[in-house]
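**Q** The numbering used here runs 106 ahead of the 1-based position in the sequence shown.
Note that CB positions come from ideal geometry on N, CA and C, so glycine has one too.
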Amino acid sequence: MDETTRSYIRRISAANVLRQSGLLKILWRERRPWVYNLSEWTETEPEILMLAMPQLAGIHPEPELRQKLTGRPVRKIHTPACHRCALAHGAGSYVEIYTTHERVICPKHSLWIGEGVAGIADQFSVRDWPQITMPWHHHKNLITRHGHRQVRVGFEAADAINWRWHEQFLHFSAAAGIYDGLAAALPRQANTQALVAAALYPSVIMLTAAIASPFWRRIAYPPHPEVFLERVSHEITDGWKPQGASDPLRQWLETSWASGQPVSDTKLRPRSR
Ligand SMILES: [Zn+2]
Numbered sequence: 107m108d109e110t111t112r113s114y115i116r117r118i119s120a121a122n123v124l125r126q127s128g129l130l131k132i133l134w135r136e137r138r139p140w141v142y143n144l145s146e147w148t149e150t151e152p153e154i155l156m157l158a159m160p161q162l163a164g165i166h167p168e169p170e171l172r173q174k175l176t177g178r179p180v181r182k183i184h185t186p187a188c189h190r191c192a193l194a195h196g197a198g199s200y201v202e203i204y205t206t207h208e209r210v211i212c213p214k215h216s217l218w219i220g221e222g223v224a225g226i227a228d229q230f231s232v233r234d235w236p237q238i239t240m241p242w243h244h245h246k247n248l249i250t251r252h253g254h255r256q257v258r259v260g261f262e263a264a265d266a267i268n269w270r271w272h273e274q275f276l277h278f279s280a281a282a283g284i285y286d287g288l289a290a291a292l293p294r295q296a297n298t299q300a301l302v303a304a305a306l307y308p309s310v311i312m313l314t315a316a317i318a319s320p321f322w323r324r325i326a327y328p329p330h331p332e333v334f335l336e337r338v339s340h341e342i343t344d345g346w347k348p349q350g351a352s353d354p355l356r357q358w359l360e361t362s363w364a365s366g367q368p369v370s371d372t373k374l375r376p377r378s379r
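#1: In the DSSP assignment, find the beta strand (DSSP E) that holds residue 202 and state where it starts and stops.
#2: If you draw a straight line from the C-alpha of residue 370 to the C-alpha of residue 336, how long is it?
#3: Relative to ligand 1, is the shortest distance from any of its heavy atoms to the C-beta of residue 306 smaller than 7 Å?
#4: Alpha carbon to alpha carbon, how far is residue 137 from residue 304? Give it in angstroms, no decimals.
#5: Please classify residue 372 as buried or exposed, where buried requires at least 16 other C-beta atoms within 10 Å of its C-beta.
#6: Comparing the CB of residue 195 with every heavy atom of ligand 1, is any distance shorter than 7 Å?
#7: Following the continuous beta strand (DSSP E) through residue 184, name the residue where it begins and the one where it ends.
#8: Run through the region 222 to 286 for me and flag every whole alpha helix (DSSP H) of 4 or more residues, listed as ranges in chain order.
#9: Could you check whether residue 306 and residue 272 sit closer than 8 Å to each other, using their CB atoms as the reference points?
#10: What is the DSSP secondary structure of residue 146, counted as helix, strand or coil?
#11: How long is the line joining the alpha carbons of residue 152 and residue 256, rounded to whole angstroms?
#12: Have a look at residue 333 and residue 326 and give me their C-alpha separation to the nearest angstrom.
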């Protein structure tokens with residue numbers, strides 16, 4: 107479910123000892139939607155493929171199908187699926203899927219499948235890490251409380267701000283403590299983007315909770331952002347208070363949040379990611 111078409115075509119090619127580019131050429135050459143060729147090649151009903159890969163349904167799927175696709179990930183972020191789930195489904199170990207911000211841990215295998223995972227070697231077990239699994243439950247509860255859109259916007263901002271703090275070496279001890287523990291337990295993953303992302307995740311969720319809350323949203327509006335920053339300092343950054351005009355949280359409070367704009371990729375996201 108939610109596999110990218112690129113990944114699916116790669117698997118068809120591998121299973122038939124064909125070049126992926128060969129199949130892609132045929133798909134590009136023919137004018138009909140890809141789903142019909144894929145359906146013939148794999149002897150699978152088009153509707154089943156459209157349900158598995160919503161992007162094949164196009165922008166005007168039938169109303170009945172559209173209803174079934176409600177809540178599925180849009181074509182925005184993709185990541186390798188949990189490799190144990192992929193193996194269990196007989197799909198090999200590497201399957202690329204579209205995902206959403208809260209799908210960071212496989213509920214079956216407790217593997218980290220969130221930010222920073224570029225390949226299956228980056229997936230590691232967080233089963234013994236309540237510091238990470240509890241924020242994940244908090245994350246899902248936030249969605250129940252505030253709605254998916256509100257939490258997504260908050261998460262994108264909180265994630266970008268925390269990475270900025272991390273990269274400016276102004277970050278706080280909780281994330282460093284989790285990172286050191288993870289790196290000691292998983293020496294092969296040490297220094298990977300996935301391990302750093304997992305260590306930052308609890309802080310990201312704390313800030314997401316503050317940003318997504320309508321109560322704190324009212325408080326953070328000018329002229330009282332200081333009260334909001336006090337809370338962040340007490341609950342999220344171990345006493346360190348975001349300061350200076352160039353601080354990413356302050357910048358974001360004054361620009362994007364105040365104007366109701368979603369987080370700007372160019373302003374906040376580090377370029378390397
Ligand atoms: Zn799994």
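**A** Considering the structure as presented:
#1: Indexing the sequence shown from 1 puts residue 202 at position 96. Where residue 202 is concerned, the enclosing beta strand (DSSP E) stretches over 202 to 205.
#2: What you label residue 370 is simply residue 264 of the sequence shown in a count that begins at 1. What you label residue 336 is simply residue 230 of the sequence shown in a count that begins at 1. Residue placement at residue 370 cannot be trusted, given a pLDDT of 45 that sits under 50; what the coordinates show is reported in the next sentence. Spanning the two alpha carbons is a distance of roughly 24 Å.
#3: Taking the sequence shown and counting its residues from 1, the one referred to as residue 306 is at position 200. The answer is no for residue 306.
#4: Numbered from 1 along the sequence shown, position 198 holds the residue referred to as residue 304. Numbered from 1 along the sequence shown, position 31 holds the residue referred to as residue 137. Note on geometry: alpha-carbon atoms of residue 304 and residue 137 lie some 43 Å from one another.
#5: Locating residue 372 in the sequence shown gives position 266, where the first residue counts as 1. In this prediction, residue 372 scores a pLDDT of 38, lower than 50, which makes its location untrustworthy; no coordinate-derived value is stated.
#6: As a first step, residue 195 must be located in the sequence shown, where it is residue number 89. Outside the cutoff, so no.
#7: For the purposes of this step, residue 184 is identified with residue 78 of the sequence shown, where counting begins at 1. Run containing residue 184: 183 to 186, per the beta strand (DSSP E) assignment.
#8: 236 to 252 and 254 to 273
#9: Residue numbering aside, residue 272 sits at position 166 when the sequence shown is read from its first letter. Residue numbering aside, residue 306 sits at position 200 when the sequence shown is read from its first letter. With respect to residue 306, residue 272 sits close: the two C-beta atoms are nearer than 8 Å.
#10: Residue numbering aside, residue 146 sits at position 40 when the sequence shown is read from its first letter. DSSP places residue 146 in helix when its eight states are reduced to three.
#11: Along the sequence shown, one-based indexing puts residue 152 at 46. Along the sequence shown, one-based indexing puts residue 256 at 150. For residue 152 and residue 256, the distance between alpha carbons rounds to 34 Å.
#12: Within the sequence shown, numbered from 1, the residue matching residue 333 stands at position 227. Within the sequence shown, numbered from 1, the residue matching residue 326 stands at position 220. C-alpha separation (whole angstroms): 7 Å.
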